[in-house]
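Residue numbers (my numbering): 8 to 110. Glycine is no exception: its CB is placed at the ideal position from the N, C-alpha and C atoms. Computed from a prediction, not measured in an experiment: that's the story for all the values here.
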């Protein structure tokens with residue numbers, strides 16, 4: 008259905024955004040020898056767990072169908088609330104607003 012196709016597209020864009028974020032974090036750690044000081048551990052944990060949730064969903068298309076679409080939406084929304092609880096600056100809040108605006 009069209010809703011499932013849109014959800015797959017949005018979740019693959021979200022996975023790509025998370026991959027770029029992890030790449031930037033790895034580059035910063037390599038260049039400076041440490042993680043950025045403003046990075047909250049809760050945000051990093053939420054990003055890692057969200058990536059681990061998105062990966063199997065995109066690898067096995069049967070996990071995301073019309074019957075399970077609402078459950079995935081609730082799971083991702085709960086992860087959004089957990090991630091936004093660790094937001095420490097306006098820049099992070101605007102970043103999360105842009106990412107979740109896709110949904």
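(message) What residue range does the alpha helix (DSSP H) around residue 75 cover?
(response) Where residue 75 is concerned, there is no enclosing alpha helix (DSSP H), given that its DSSP letter is neither H nor E.
(message) On the CB-based measure, 16 or more other CB atoms within 10 Å of its CB, does residue 14 come out buried or exposed?
(response) buried
(request) Would you kindly work out how many angstroms separate the C-alpha atoms of residue 32 and residue 64, rounded to a whole number? (result) 24 angstroms
(request) Out of 55, 81, 37, 77, point me to the one whose CA is closest to residue 22's CA. (result) 55
(request) Put residue 43 into one of helix, strand or coil per three-state DSSP. (result) coil
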